[in-house]
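Visitor: Pasting in a structure now, in C-alpha cells, and then I'll have a few things to ask.
Number of protein chains: 2
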Amino acid sequence: MRNRKDHDPDCCCRRIRGDGRRMTPPRHAVLDALSERGEHLTAEEVFKKASRRCPNIGLATVYRTLELLTGLGLVSKFDTGDDKARYEFADPAGEKGHHHHLVCSGCGKIVDYKDFIGEEMELLHKTEQGLSKKYGFKIKSHIIQFFGLCPDCGR
Amino acid sequence: MRNRKDHDPDCCCRRIRGDGRRMTPPRHAVLDALSERGEHLTAEEVFKKASRRCPNIGLATVYRTLELLTGLGLVSKFDTGDDKARYEFADPAGEKGHHHHLVCSGCGKIVDYKDFIGEEMELLHKTEQGLSKKYGFKIKSHIIQFFGLCPDCGR
DNA sequence: TGTACTATTGAGAATAGTTCTCATTAAGTA
DNA sequence: TACTTAATGAGAACTATTCTCAATAGTACA
C-alpha cells in the first residue's frame, strides 16, 4: 500500500498543460506529495512533502496549485471539522474506487471506507434526482461523512 | 413560518443551568437570535441579532455561548463551504423533524429538506452499524449535504 | 538554439474567522 | 445581603488562507 502512486502522472500533466498553463517543478512536487494513496494531507503537510523535492517552494504556491488541481477536478478538497482543508486525489468519476470518510473526533484519524458505497451511491443518486426535481437545483456534488471515536479514543 | 419558536426555552434554560452554569442575558439573547426556524446563522449574524436584545453583548460571548450550546447538543454547527461556521437549533433526537441541507454553490442559499430523510436515515443507520462493527468506531454523528446551483444561479 | 511573451513563482504582508487574556461584573446560594 | 466564582466585554492574539508584486522561467516561434 505504501508509496503506491494513485494517479496517472501523464494524465495530470496533460490536464495541467491546457489553456496556456505550464508544467513547473513546484507543480510536479505537489502532485508527487499527493500521490500516496490513503493520505489526507493539509496544505501545510503538502508543503512539507513538496519541499523535499522542491526545496524552496513557497506555501502560497502550494495553495495555488491545490486550488488549480481542485478546479480541474483532479484533486478533492474536504474538511473534517478541524478548520484545515484536506486534499486527496479525486476518485475517477463513476468508478468503483469511490470512497467516503469516517473521522475520529478524538485523534482526527480518517478511515476511507467503501463498504456501503454501492447502496450509498444508489440512494445519493436517487436523492439527487428527487431534490433536483423538487427544488430545481442542478446538483453537482455531495458530502457524506461519519464522525465518532476510534477504538483507541473510545476509551 | 416566520417567528415560530422552534425550541423549548424552558428546556434550554434547564440544560444551560447545570454543572454550576448560569443563565444570563447574553445567553438568552443568543437563544433568541437562533430561535427562528429555517435560519442558518453565522456567528456574526447571531451577534447582530443578539445585539438587538442585549446591546452590548460581545462577539466573544456569542462564540462562547454557541460553543456551549453545541456542546450540550442543543445547537448544531455546520459548514457550507464558505469558511464560516453556521448554527441552527438541533433537531430533537430521533424525531421526524430531522433534516439535511441542500446548498447553492452560487449564492450560498441553503434549503432544508426532509424529503428523503426516511430512506436516508435508514441507510445511515445501517451504515453506522456496519462501520461501527468493521472499524470499531463509536459513531456519534454524520454529515450529509448536497451542493449544486439553485434555479436563480443555474442560469 | 535564441528570443519574446507572459504564466508562475517566492516572500512577506494582509485578511478573516475564531479563540484567548484579563480585569470587571453579576448569577445563584446561603 | 454577602460571598463565591461563572460569565462578560474589549481588544489582542492566533491561524489558515489569500493577495501583492517584482523577479523568474516555461513554451512557442523565429
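If you read the sequences in order, they're chains A and B.
Under my numbering, the first residue of the first sequence carries the number 3, and numbering increases by one thereafter.
Under my numbering, the first residue of the second sequence carries the number 3, and numbering increases by one thereafter.
All C-beta atoms, glycine included, are put in the ideal place defined by N, C-alpha and C.
#1: Tell me, please, whether the CB atom of Tyr-137(B) is closer than 9 angstroms to any CB atom in chain A?
#2: Can the beta-carbon of His-102(B) be found less than 9 angstroms from the beta-carbon of Glu-122(B)?
#3: Skipping 5 residues on each side, what residues in its chain have a beta carbon closer than 7 angstroms to that of Ile-112(B)?
#4: So, does the segment 136-151 of chain A touch the segment 25-40 of chain B, judging by three or more C-beta pairs under 8 angstroms?
#5: Pull the bridge partners of Arg-164(B) from the DSSP assignment, please.
#6: Mind checking whether Leu-92(B) and Ser-78(B) have CB atoms under 9 angstroms apart?
#7: Spell out the partners DSSP gives Ser-107(A) in its beta bridges.
#8: Is Phe-148(B) helix, strand or coil by DSSP?
#9: In angstroms with no decimal places, state the Cα-to-Cα distance between Ile-119(B) and His-100(B).
#10: Does DSSP put Asp-114(A) in a helix, in a strand, or in coil?
#11: Distance, Cα to Cα, Glu-124(B) vs Gln-131(B)?
#12: Rounded to whole angstroms, what's the CA-CA distance from Tyr-137(B) to Gly-156(A)? Just pull it up for me.
#13: Give the residues from the segment 130-157 of chain A that approach chain B closer than 8 angstroms (Cβ to any Cβ), ordered along the chain.
#14: For a contact defined as C-beta to C-beta under 7 angstroms, what are the partners of Leu-71(A) on chain B?
#15: Return the Cβ separation of Leu-74(B) and Arg-17(B) in integer angstroms, given the expectation that the two are a contact with Cβ distance under 8 angstroms.
#16: Would the beta-carbon of Cys-84(B) fall within 9 angstroms of that of Gly-108(B)?
#17: Quick one: using the 10 Å Cβ neighbour count with 16 as the cut-off for buried, is Lys-51(A) buried or exposed?
#18: Please tell me whether Cys-109(A) has its Cβ less than 9 angstroms away from any Cβ of chain B.
#19: Assuming Leu-70(A) contacts Cys-14(A) under a Cβ cut-off of 8 angstroms, what Cβ separation, rounded to an integer in Å, is found between them?
#20: Go ahead and pull the three-state DSSP assignment for Pro-153(B).
#21: Which residue from Glu-90(A), Asn-58(A), Arg-23(A), Pro-57(A) puts its Cα closest to that of Leu-33(A)?
#22: Going by C-alpha distance, which of Ser-53(B), Thr-129(B), Asp-117(B) is nearest Asp-117(A)?
#23: Skipping 5 residues on each side, what residues in its chain have a beta carbon closer than 6 angstroms to that of Asp-12(A)?
#24: Hey, is Asp-117(B)'s beta-carbon within less than 9 angstroms of any beta-carbon in chain A?
#25: Considering only residues of the same chain and omitting the five flanking positions on each side of Arg-23(B), which have a CB-CB separation below 8 angstroms?
#26: Please list, in chain order, the chain A residues whose beta carbon lies closer than 7 angstroms to that of Asp-81(B).
#27: Note down, in chain order, every chain B residue with its Cβ under 7 angstroms from the Cβ of Val-1(A).
#28: Can you tell me whether Asn-5(B) is buried or exposed, with buried defined as 16 or more other CB within 10 angstroms of its CB?
#29: Count the other CB atoms within 10 Å of the CB of His-144(A); is the residue buried (16 or more) or exposed (fewer)?
#30: Using 9 angstroms as the limit for Cβ to Cβ distance, is Leu-125(A) near chain B?
#31: In chain order, what residues of the same chain lie with their CB nearer than 7 angstroms to the CB of Ile-141(B), ignoring the 5 residues before and after it?
#32: Mark Arg-88(A) as exposed unless 16 or more other C-beta atoms lie within 10 angstroms of its C-beta, in which case mark it buried.
Guide: Once the coordinates are examined:
#1: yes
#2: yes
#3: His-42, Thr-82, His-103, Val-105
#4: no
#5: Given that chain B is displayed from residue 3 to residue 157, the structure contains no residue 164(B) and the question cannot be resolved.
#6: The displayed chain sequence assigns Ala, not Leu, to residue 92(B). It is a contact, given that the beta carbons lie within the stated cut-off.
#7: Ser-107(A) pairs with nothing; no bridge assigned.
#8: strand
#9: 7 angstroms
#10: strand
#11: 11 angstroms
#12: 12 angstroms
#13: Glu-130, Gly-132, Leu-133, Ser-134, Lys-136, Tyr-137, Gly-138, Phe-139, Lys-140, Ile-141, Lys-142, Ser-143, His-144, Ile-145, Ile-146, Gln-147, Phe-148, Phe-149, Gly-150, Leu-151, Cys-152, Pro-153, Gly-156
#14: Within chain B, no residue comes near Leu-71(A); the closest Cβ sits about 17 angstroms away, beyond 7 angstroms.
#15: 5 angstroms
#16: Before going on, a small fix: residue 84(B) reads as Asp here, not Cys. No, these two residues do not count as a Cβ contact at 9 angstroms.
#17: buried
#18: no
#19: In fact, because the Cβ distance is near 11 angstroms, the residues do not count as touching under 8 angstroms.
#20: coil
#21: Glu-90(A)
#22: Thr-129(B)
#23: none
#24: yes
#25: Leu-70
#26: Asp-81
#27: No answer is possible for residue 1(A): it lies beyond the span of chain A, which begins at 3 and ends at 157.
#28: Here the model assigns Asn-5(B) a pLDDT of 40, short of 50, so the residue's position is not dependable, and the following value carries that caveat. When all chains shown are included, Asn-5(B) counts as exposed.
#29: buried
#30: yes
#31: Glu-130, Leu-133, Ser-134
#32: buried
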